[in-house]
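Numbering of the sequence shown is given in our numbering, commencing with residue 1473 and proceeding in unit increments.
The beta carbon of each residue, even a glycine, is placed where N, CA and C say it ideally should be.
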Amino acid sequence: MAQTRRINAAELDFDQIKTNLVAYMKANNDTFNDYNYEGSAMNTVIDVLSYITHINSVNANFALNETFLDTAQLRQSVVSHGKLLGYTPRSTSPSVAYVDITMVNPSNVTDAEGNYLPLTLSKHTPFSTTINSVTYNMYVPDSVTINEDGTAAHTYKFSNVKIKQGTIKEATYTFADNTFDEYIIQDLYIDTNSIKVDIYESASSSSFETYAAYTNIVDIDETSKIFFLEETREGYYEVKFGDGIIGEKPEAGNVIKITYANVGNTNVNGASVFALAGSIGGNTNVTLTTITKASGGAAAETKESIKFNAPLGFVSQNRAVTPDDYRSIIQNTYGNVDSLTVWGGEDNIPPDYGKVYISIKPLDAETLTTVEKEMIIGTYLKPKNVVSITPVLVDPDYTYIDLEVYFKFNPNIASVTVGGLQDSVRTTLTSYNDDTLKKFGGVFRSSNLVKNIDETSVAILSNIMRVKFHKKFTPVIGTETRYQFDFNQELAKQEDTYYIESSSFVYNGYTCTLKDYYNTETLKNIIRIIDTEGTIRNTNIGYVENATGRVVLEGFNLTSIVDTTTTQLKINARPASSDIKPTRNELLTIDTTNATITGEIDTMAVGGTTAGIDYTTVSNS
């Protein structure tokens, strides 16, 4: 018998496992010789053994991966690890809108003497909105009571009323004498912030006590009327109660009534037309005026987000002190977040100690509404904020990248047209924009994009890309105002030695632009207002710091903007480097719609006979 051979137990690949088994059998058994004959019984047996070993090995590795938060692939495993850290995944977030509701001389609002009484917009009054012929339910989360205006028309106006997406539902359970009873809400798309838990003494009792959602264990004792919320393996949410030590324990026979809003799996962000679906004091003849269109709707937290946020939530311990604490709280409580950045006031320019700065790019817009900012500060951050730190919400600072792309291609390699390739290149720009930019910290790396353009089609042989950028702002018409723009990047000189140039506007009756020049006395680049004839209409309206990319306008006052399709003015510049880095709340985005894309057949590649004499190239600037 040959020398004893050991099997390598670390192999996971089927073919290698089989090879090892065959080698082992050959080395340790002289009875069987038909290992390499595929139709033999021995080969079949070894195949079965290899498959079993392979499957068991793979399953063991999968199972081991699920035991760690950072390697887990199943949502139920990720959620379970989050529970150990005291983390509850964020539920579906409803879209929220604000409306004014006006009723003129409604009925059912007077007493026996004809005096007009206060009118109440009841909690959970239903509303609706329709998008693409589909109707979605909305409701009023809180009741509002008002008086009529005292005029002959007897008008009632509910101002700035919040309406939330969702349908109000109820679930009723009977409490058993078991600390670990679970009360599961059998709806996948609920808003956990809408959950209200009432405990009745019995099924026949009309009085109840409301239990609040658990927030901080420091404030909890055996009498605290609280409930705990967890996500189940199936993706539902379950309500649990205290054990009499941490939180009050209900008594056997108590009836549990859970009221909640089912949002659905489609948000209504952007909706601006709403209708009353019920009545107000028995009245249905109302006028609705939209103050703020619907926004803030978002899907439930993904497992990737849970992996990231659960450890941060554990570190923050449900209080907001460090920038990471604020990041964790917002990501766990507010769903309408596409990208988020937070920095301390000490890192601000100029430093602003005692403050933390927060910038959010929402999912469906460029900036948050005023109402959304107030809700984030007042509802989510204030209860967990320490006295010595003031949170400040600032809008993202957008820098728009302007690209000129020139490429050469060989039509003999693939069946393509200039127009088709130009469309494909624009798609490449859009993909790079969506995947790499449009989020905080997204760096524009020109060489990467040039490579992507070359790889758009096998027919494209080369490309040259010119990079510029611009800022947008909405000027105050007719008022002298100071403006400041930070490109946060060294600027390159453009034609005629200037660094910036604006889009056109009307100033004192003349069509003008802003353009700078170098003042040898002040050693600064001074911004002037120049009309279309080249005449200077204002010799000093601001300055440019080309090293930092800062542009400042002092006392700028214009009559109107030439382009009547917009209310914004552009400040155009060219970066000294083709790579552009964002700073703090700066967001980079390619202006893909207005990008210039030009394609040209490569005459040398298609077999031109002029030896490159008529071959043209494009400059970098």
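When DSSP labels each residue in this structure, what does H1942 get in the three-state scheme?
For the purposes of this step, residue 1942 is taken as the residue at position 470 of the sequence shown. In this structure, H1942 counts as strand in the three-state DSSP scheme.
Residue range of the alpha helix (DSSP H) that includes G1892:
If you number the sequence shown from 1, residue 1892 lands on position 420. Element bounds for G1892: V1890 to T1908.
Let me know if T1601 comes out buried or exposed under the rule of 16 or more other beta-carbons within 10 Å of its beta-carbon.
On the sequence shown, residue 1601 is found 129 positions in, with the first residue counted as 1. Looking at its Cβ environment, which holds 16 or more other Cβ atoms inside 10 Å, T1601 is buried.
So K1765 and G1736 are in contact, right, with Cβ under 8 Å, and what is the actual spacing, rounded?
The residue you call residue 1765 lines up with position 293 of the sequence shown. The residue you call residue 1736 lines up with position 264 of the sequence shown. Between the beta-carbon of K1765 and that of G1736 there is about 18 Å, and that puts the pair past the 8 Å contact cut.
Threshold first: 3 residues or longer. Then list the beta strand (DSSP E) segments lying entirely within the stretch 1773-1847, N to C.
List check, beta strand (DSSP E) in window: 1811-1816 and 1827-1833.
Reduced DSSP category for Q2040 - H, G, I as helix; E, B as strand; rest coil:
Position 568 of the sequence shown, counting from 1, holds the residue named residue 2040. Residue state, collapsed to three classes: coil.
Report the residue from A1532, P1561 and Q1488 whose alpha carbon sits nearest the alpha carbon of N1781.
Residue mapping note: residue 1781 aligns to position 309 of the sequence shown, counting from 1. A check of alpha carbon separations from N1781 across A1532, P1561 and Q1488 identifies P1561 as the nearest.
By DSSP, does F1700 sit in helix, in strand, or in coil?
In the sequence shown, the residue the question calls residue 1700 occupies position 228. Correct three-state label for F1700: strand.
Could you tell me whether the Cβ atoms of A1569 and S1767 are closer together than 9 Å?
Position 97 of the sequence shown holds residue 1569. Position 295 of the sequence shown holds residue 1767. It is a contact, given that the beta carbons lie within the stated cut-off.
Near V1890, which residues of its chain fall below 6 Å by C-beta distance, leaving aside the five closest residues on each side in sequence?
Against the sequence shown, residue 1890 aligns to sequence position 418. Taken in chain order, the residues that qualify are G2071.
G2027 versus S1903: straight-line alpha-carbon distance, rounded
Locating residue 2027 in the sequence shown gives position 555, where the first residue counts as 1. Locating residue 1903 in the sequence shown gives position 431, where the first residue counts as 1. Their backbone Cα atoms lie some 40 Å apart in a straight line.
Among N1857, I1618 and A1749, which residue has its Cα nearest to the Cα of H1626?
By one-based count along the sequence shown, residue 1626 stands at place 154. If you compare the alpha carbons of N1857, I1618 and A1749 with that of H1626, the shortest gap goes to I1618.
With DSSP collapsed to three states, give me the class of I2085.
In the sequence shown, the residue the question calls residue 2085 occupies position 613. Residue state, collapsed to three classes: coil.
Does T2007 come out as helix, strand or coil in the three-state DSSP assignment?
Stepping through the sequence shown from its first residue, residue 2007 is reached at position 535. Three-state DSSP puts T2007 in coil, outside helix and strand.
Identify, in the order they occur along the chain, each residue of the same chain with its Cβ nearer than 7 Å to the Cβ of P1863, setting aside the five sequence neighbours on each side.
Locating residue 1863 in the sequence shown gives position 391, where the first residue counts as 1. These residues qualify, in order along the chain: Y1798, V1828, I1830, I1849, L1853 and N1857.
What residue does the alpha helix (DSSP H) around V1864 start on, and which one ends it?
For the purposes of this step, residue 1864 is identified with residue 392 of the sequence shown, where counting begins at 1. Run containing V1864: none in the alpha helix (DSSP H); it sits in the beta strand (DSSP E), T1862 to V1866.
Looking at C-beta atoms only, is the number of pairs between the stretch 1629-1636 and the stretch 1520-1535 that lie closer than 8 Å three or more?
no
Pair within 9 Å by beta-carbon distance, V1550 and I1728
Here the question's residue 1550 lines up with position 78 in the sequence shown. Here the question's residue 1728 lines up with position 256 in the sequence shown. No; because the gap between Cβ atoms is not below 9 Å, this pair is not in contact.
Using C-beta distances below 6 Å, list every residue in its chain close to G1754, excluding the 5 sequence neighbours before and after it, in chain order.
Position 282 of the sequence shown, counting from 1, holds the residue named residue 1754. Correct list, in chain order: N1580.
If I measure Cβ to Cβ from I1885 and keep anything under 6 Å in the same chain, skipping five residues before and after, which residues do I get?
The sequence position of residue 1885 within the sequence shown is 413, counting from 1. Short of 6 Å from the beta carbon of I1885, and not among the five residues preceding or following it, lie these beta carbons of its own chain, in chain order: V1930 and A1931.
A1474 by DSSP, collapsed to three states: which one?
Residue mapping note: residue 1474 aligns to position 2 of the sequence shown, counting from 1. Confidence is the limiting factor: at A1474 the pLDDT is only 45, short of 50, which leaves the residue's position unreliable and the question unanswerable from this model.
Excluding sequence positions up to five away, which residues of its chain have a Cβ less than 6 Å from the Cβ of E1654?
Within the sequence shown, the letter at position 182 stands for residue 1654. Answer for E1654: E1710, listed in chain order.
Under the assumption that I2033 contacts L2041 (Cβ atoms under 8 Å), give the Cβ distance between them as a whole number of angstroms.
Stepping through the sequence shown from its first residue, residue 2033 is reached at position 561. Stepping through the sequence shown from its first residue, residue 2041 is reached at position 569. About 6 Å separates the two Cβ atoms, so the contact holds.
If you run the structure through DSSP and keep just helix, strand and coil, what is L1557?
Numbered from its first residue, the sequence shown carries residue 1557 at position 85. DSSP places L1557 in coil when its eight states are reduced to three.
Just curious, the alpha helix (DSSP H) that N1924 is in, first and last residue?
Stepping through the sequence shown from its first residue, residue 1924 is reached at position 452. Unbroken alpha helix (DSSP H) run through N1924: S1918 to D1926.
Taking all protein chains shown into account, do 16 or more other C-beta atoms lie within 10 angstroms of the C-beta of S1860, making it buried, or fewer, making it exposed?
In the sequence shown, the residue the question calls residue 1860 occupies position 388. Under this definition S1860 is an exposed residue.
State the CB to CB distance for the pair F1941 and Y1872, rounded to an integer number of angstroms; the pair is presumed to be in contact (CB under 8 Å).
The count along the sequence shown starts at 1 and reaches residue 1941 at position 469. The count along the sequence shown starts at 1 and reaches residue 1872 at position 400. That belief holds up - the Cβ atoms of F1941 and Y1872 are roughly 6 Å apart, short of 8 Å.
Per DSSP, what kind of secondary structure is E1967 in: helix, strand or coil?
Translated into the one-based positions of the sequence shown, residue 1967 becomes position 495. Helix at E1967.
Nearest-angstrom Cα separation, counted from Y1806 out to K1833:
The count along the sequence shown starts at 1 and reaches residue 1833 at position 361. The count along the sequence shown starts at 1 and reaches residue 1806 at position 334. Using only the alpha carbons, I get a separation of about 12 Å.
In terms of residues, what are the limits of the beta strand (DSSP E) holding Q1956?
Translated into the one-based positions of the sequence shown, residue 1956 becomes position 484. T1953 to D1958 is the extent of the beta strand (DSSP E) around Q1956.
Whole-angstrom Cβ separation of I2001 and D1988, contact assumed at under 8 Å?
Along the sequence shown, one-based indexing puts residue 2001 at 529. Along the sequence shown, one-based indexing puts residue 1988 at 516. Not quite, the Cβ-Cβ distance comes to about 11 Å (not below 8 Å), so this is no contact.
Rounded C-alpha distance that separates T1543 from N1537
Residue numbering aside, residue 1543 sits at position 71 when the sequence shown is read from its first letter. Residue numbering aside, residue 1537 sits at position 65 when the sequence shown is read from its first letter. Distance between the alpha carbons of T1543 and N1537 is about 5 Å.
With a threshold of 8 Å, are at least 3 pairs of Cβ atoms found where one atom belongs to the stretch 1583-1596 and the other to the stretch 1604-1618?
The stretch 1583-1596, when compared against the stretch 1604-1618, does touch it at the 8 Å Cβ threshold.
With the cut-off set at 9 Å, would you say G1638 and N1734 are in Cβ contact?
Locating residue 1638 in the sequence shown gives position 166, where the first residue counts as 1. Locating residue 1734 in the sequence shown gives position 262, where the first residue counts as 1. Cβ atoms of G1638 and N1734: closer than 9 Å.
Would you say R2009 and N2029 are within 9 Å of each other, going by their C-beta atoms?
For the purposes of this step, residue 2009 is taken as the residue at position 537 of the sequence shown. For the purposes of this step, residue 2029 is taken as the residue at position 557 of the sequence shown. No.
If you drop the 5 nearest sequence neighbours on each side, which residues of the same chain put their C-beta closer than 8 Å to that of E1681?
If you number the sequence shown from 1, residue 1681 lands on position 209. Hits under 8 Å: D1670, I1671 and K1697.
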